[in-house]
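As structure tokens, the structure follows; a few thoughts come after it.
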Amino acid sequence: MIKNAKFVISNTDYKKCPPPNMPEFAFIGRSNVGKSSLINMLTNNKNLAKTSGKPGKTQLINHFEINGNWYMVDLPGYGFAKVSKSIKSTWEKMISDYLTNRENLVAVCVLIDSRLDPQQIDLEFITWCGQQEIPFVIIFTKSDKQGKSKTQGTVKKFLDECIKIFGDAPDYFVTSAQNAEGKEDVISFIDNEVNEYYDSLK
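The sequence shown begins at 1 in the UniProt record's numbering and counts up one residue at a time.
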């Protein structure tokens with residue numbers, strides 16, 4: 001359970017992130033995938049992450065301290081945000097530097113819109129994570145926007161693509177920021193990983 005969530009710092013350089021003394025979980029996805037809404041739902045704080053109908057709202061690495069023992073990190077989205085190519089390349093370098101150098105990063109939560117067939121940009125991102133040996137899980141968003149069978153169908157299509165790439169399917173969760181579907185499952189996963197992280201230090 002998330003009892004306490006507080007904003008710590010925003011920056012553009014992983015070297016200026018908080019000391020890597022707690023396990024960290026990064027949230028990323030295509031622009032407008034519902035990332036801020038999901039973060040706010042998970043933390044019971046509708047104002048923690050800034051939500052916007054305008055893609056590209058998150059432009060920095062945002063750290064939130066959760067329960068005083070782990071970090072939730074809100075990363076800029078990738079994809080069709082209406083920004084210049086120079087800004088986009090700066091974001092990409094900022095994100096890749098963070099993901100490949102942050103030693104306390106336990107998992108990247110890659111958000112996927114459950115209403116859509118597999119998108120090339122999402123498949124390219126998880127392929128890159130695999131190549132860099134960055135552990136990730138998939139969080140399907142916006143499940144409340146359509147019927148359950150439609151969601152199951154698009155989820156299966158995406159997992160089938162993952163199997164083609166990796167040989168098996170990653171861990172995944174189906175969520176809705178509107179009705180809190182999947183909330184307990186995601187938090188339970190993180191809690192287990194946090195416990196394992198601290199156990200490994202003993």
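All C-beta atoms in this analysis are idealised placements derived from N, C-alpha and C, irrespective of residue type, glycine included.
Keep in mind it's a predicted model, so treat the numbers as computed, not measured.
By the 10 Å Cβ neighbour count, where 16 or more other Cβ atoms means buried, how is residue i classified, buried or exposed?
i	result
Pro135	exposed
Glu24	buried
Lys93	exposed
Ile163	exposed
Val74	Checking the displayed sequence, the identity of residue 74 turns out to be Asp instead of Val. Asp74 should be labelled buried.
Which residue wins for smallest C-alpha separation from residue i, given the options the options?
i	options	result
Glu161	Val194, Glu124, Thr43 and Ser86	Glu124
Asn62	Lys46, Ile39 and Asn44	Ile39
Lys142	Val106, Phe27, Asn192 and Asn32	Asn32
Phe181	Met41, Gln120 and Ser89	Here residue 181 turns out to be Glu, not Phe, going by the sequence shown. Nearest of Met41, Gln120 and Ser89 to Glu181, Cα basis: Met41.
Asn44	Lys202, Tyr197 and Asn179	Asn179
Thr175	Asp144, Ile163, Tyr98 and Thr127	Asp144
Leu99	Ile112, Ile121 and Glu133	Glu133
Leu105	Met1, Asp97 and Arg30	Asp97
Gly34	Ile112, Thr90, Asn11 and Lys85	Ile112
Asp13	Asp191, Asn69, Gln59 and Val108	Gln59
Arg30	Lys202, Tyr197 and Ile121	Ile121
Trp91	Ala107, Ala26, Val186 and Gly77	Gly77
Pro19	Ile95, Ile190 and Glu103	Glu103
Val110	Gly153, Phe140, Thr154 and Ile95	Phe140
Quick one: residues in its chain with C-beta nearer than 6 Å to the C-beta of residue i, no 5 flanking neighbours on either side, listed in chain order?
i	result
Tyr172	Ile138
Ser52	Caution is warranted here: a pLDDT of 49 is assigned to Ser52, below 50, making its placement in the model unreliable, and the coordinate value is therefore given only provisionally. Cβ neighbours of Ser52 beyond the five flanking positions: none.
Lys3	Asn67
My output table needs one value for residue i: the three-state DSSP class, helix, strand or coil.
i	result
Asn192	helix
Ser52	Here the model assigns Ser52 a pLDDT of 49, short of 50, so the residue's position is not dependable, and the following value carries that caveat. If DSSP states are grouped into helix, strand and coil, Ser52 belongs with coil.
Lys148	helix
Asp199	helix
Val174	strand
Glu92	helix
Gly29	strand
Cys162	helix
residue 204	The chain is shown from 1 up to 202; residue 204 falls before or after that span and cannot be answered.
Cys109	strand
Ile9	strand
Suppose the cutoff is 7 Å on Cβ atoms and the five residues either side in sequence are ignored; what does the same chain contact list for residue i look like?
i	result
Glu65	Lys6, Val8 and Tyr71
Phe166	Gly130
Asn101	Tyr14
Strictly under 9 Å for the Cβ-Cβ distance: is residue i near chain D by that measure?
i	result
Ile187	Of the protein chains in this structure there is only one, and it is not chain D.
Quick one: what's got a C-beta closer than 8 Å to residue i's C-beta in the same chain, skipping five residues either side?
i	result
Asn47	Asn40
Asn195	none
Margin query: When you compare the segment 147-158 with the segment 109-119, are there three or more beta-carbon pairs, one atom per stretch, that lie closer than 8 Å?
Written below: yes
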